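To start, the structure itself, in structure tokens.
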Amino acid sequence: MVRALRLLASCALFSQALAHSHILYLIINGQQYRGFNPHAPDAITNSIGWSTSAVDDGFVTPFNYSSPDIICHRDGKPAKAHAPVKAGDKIQIQWNGWPQSHKGPVLSYLSPCANTTDGCASVDKRKLSWTKIDDSSPVLLDEKGGPPGRWATDVLIAQNNTWLLGLPNDLEPGPYVLRHELIALHYANLKNGAQNYPQCVNLWVEVPGSKTATVGKEELVVAGQKEGVPATALYKATDPGVAIDIYTTLSTYVIPGPTLAPEAKPVPVPEQGLKSTITAVGTPVVVTRATSTVPMLNGKTAAAFKG
Ligand SMILES: *[C@@H]1O[C@H](CO)[C@@H](O)[C@H](O)[C@H]1NC(C)=O
Ligand SMILES: *[C@@H]1O[C@H](CO)[C@@H](O)[C@H](O)[C@H]1NC(C)=O
Ligand SMILES: *[C@@H]1O[C@H](CO)[C@@H](O)[C@H](O)[C@H]1NC(C)=O
Numbered sequence: 013m014v015r016a017l018r019l020l021a022s023c024a025l026f027s028q029a030l031a032h033s034h035i036l037y038l039i040i041n042g043q044q045y046r047g048f049n050p051h052a053p054d055a056i057t058n059s060i061g062w063s064t065s066a067v068d069d070g071f072v073t074p075f076n077y078s079s080p081d082i083i084c085h086r087d088g089k090p091a092k093a094h095a096p097v098k099a100g101d102k103i104q105i106q107w108n109g110w111p112q113s114h115k116g117p118v119l120s121y122l123s124p125c126a127n128t129t130d131g132c133a134s135v136d137k138r139k140l141s142w143t144k145i146d147d148s149s150p151v152l153l154d155e156k157g158g159p160p161g162r163w164a165t166d167v168l169i170a171q172n173n174t175w176l177l178g179l180p181n182d183l184e185p186g187p188y189v190l191r192h193e194l195i196a197l198h199y200a201n202l203k204n205g206a207q208n209y210p211q212c213v214n215l216w217v218e219v220p221g222s223k224t225a226t227v228g229k230e231e232l233v234v235a236g237q238k239e240g241v242p243a244t245a246l247y248k249a250t251d252p253g254v255a256i257d258i259y260t261t262l263s264t265y266v267i268p269g270p271t272l273a274p275e276a277k278p279v280p281v282p283e284q285g286l287k288s289t290i291t292a293v294g295t296p297v298v299v300t301r302a303t304s305t306v307p308m309l310n311g312k313t314a315a316a317f318k319g
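Residue numbers (this note's numbering): 13 to 319.
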């Protein structure tokens, strides 16, 4: 039985070898913001997604948990654009498909971008300090019918490969990187077998109730900076949540990474189906003088803001 399942998993992996995934787009208050497409890196000039060299849509392995590649995927480099959001907003994250066999947790972290004048656009990724805002608990939903059971990634697949993320209500205004990550455990019984798929996008948290894009200097508190951790310290190869055989009956699952922030407002599994629809193409912003923003359009118009 276990053997057959493993074989199934490896067949599924094989057929999906060229088609793991990346974030296609995000929907925030009905507005659609495009992610980074590793297959057509220049197609979207105002993508809010960090660029990567993961042209295979592949993953980072546990051996690389202390390498900068785990921060925002392989050779991750910041996007100029930020999606405007408000504290407490819900963000629907659309992945470009997900293989059924790739079971595991769905995790989200936030880091403020400190000491820059352009928000997260020139931030040093090694200095980012991450706070976990969603751990997809419960990750392992049930094992009716036997292992490997139903996981958070199955919830994602059932919602057309989307995950609904709730931002904390008390998020300070300013620039943040959202690090959203799927961890696939189908080979995690083997050494270095877990697969991390981290994706980073830039957010600009607006002042509540304000129509202006400007944040007062005094409001640019670097929220969460003190309690956050560098991404290179999030996981260890020996963590029980990444060195695990999901084809045996599990009584519990230890979610990898730090504990969830007390302010976190994850969307519970039954509410993951409350999907957003796209009402318009969103216009991301670029951050100027640390505290204000200007719109960043796609295509030629964007050149005016590249400065
Ligand atoms: C870390 O990732 C790089 C690719 O970015 C790869 O060449 C290297 O083999 C990896 N190291 C380990 C130990 O997995
Ligand atoms: C499902 O996701 C795809 C992108 O992978 C998107 O094009 C499509 O519109 C989505 N369908 C629904 C019903 O949201
Ligand atoms: C920002 O600057 C402050 C004061 O110099 C420093 O303590 C902090 O580590 C810096 N943060 C980043 C992310 O560079």
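Every residue gets a Cβ at the ideal spot worked out from N, C-alpha and C, and that includes glycine. The structure displayed is predicted, hence computed values, not measured ones.
The alpha helix (DSSP H) enclosing residue i, as first and last residue numbers
| i | result |
| --- | --- |
| D146 | Here D146 belongs to no alpha helix (DSSP H); instead the beta strand (DSSP E) covers 143–146. |
| A164 | 164–170 |
| I83 | 81–84 |
Where the beta strand (DSSP E) containing residue i begins and where it ends
| i | result |
| --- | --- |
| C212 | 207–217 |
| L190 | 186–196 |
| S176 | The residue asked about is misnamed: residue 176 is Leu in this sequence, not Ser. Taken as a continuous stretch (DSSP letters only), the beta strand (DSSP E) holding L176 covers 174–178. |
| I290 | Per DSSP, I290 belongs to no beta strand (DSSP E) and is neither H nor E. |
| D154 | 152–154 |
| I105 | 102–107 |
| T305 | 304–307 |
| T300 | 297–300 |
| A95 | 95–97 |
| I39 | 35–40 |
Distance cut-off 6 Å: residue i Cβ against heavy atoms of ligand 2
| i | result |
| --- | --- |
| N181 | no |
Buried or exposed by the 16-neighbour rule on C-beta atoms within 10 Å, applied to residue i
| i | result |
| --- | --- |
| N395 | Here the chain comprises residues numbered 13 to 319, so residue 395 is not present and cannot be evaluated. |
| A235 | With a pLDDT of only 44 at A235, under the threshold of 50, the placement of this residue in the model should not be trusted, and no figure is reported. |
| I290 | exposed |
| P160 | buried |
| F48 | buried |
| D81 | buried |
| S3 | Residue 3 lies beyond the residue range present for the chain, which begins at 13 and ends at 319; the question has no answer from this structure. |
| P252 | exposed |
| D54 | exposed |
| D146 | buried |
| E218 | buried |
| F75 | exposed |
| D68 | exposed |
Same chain only: Cβ atoms within 6 Å of residue i, ignoring 5 sequence neighbours per side
| i | result |
| --- | --- |
| L153 | R162 |
| C132 | P90, C125, P187, V189, N214 |
| R86 | T64, S65, A66 |
Contact set for residue i: own chain, Cβ-Cβ below 8 Å, skip 5 residues either direction
| i | result |
| --- | --- |
| R301 | T129 |
| K277 | G100, I145, G178, L179, P180, N181 |
Residues near ligand 2, criterion Cβ-heavy atom distance below 7 Å: L36, Q106, N108, G109, N172, N173, K287
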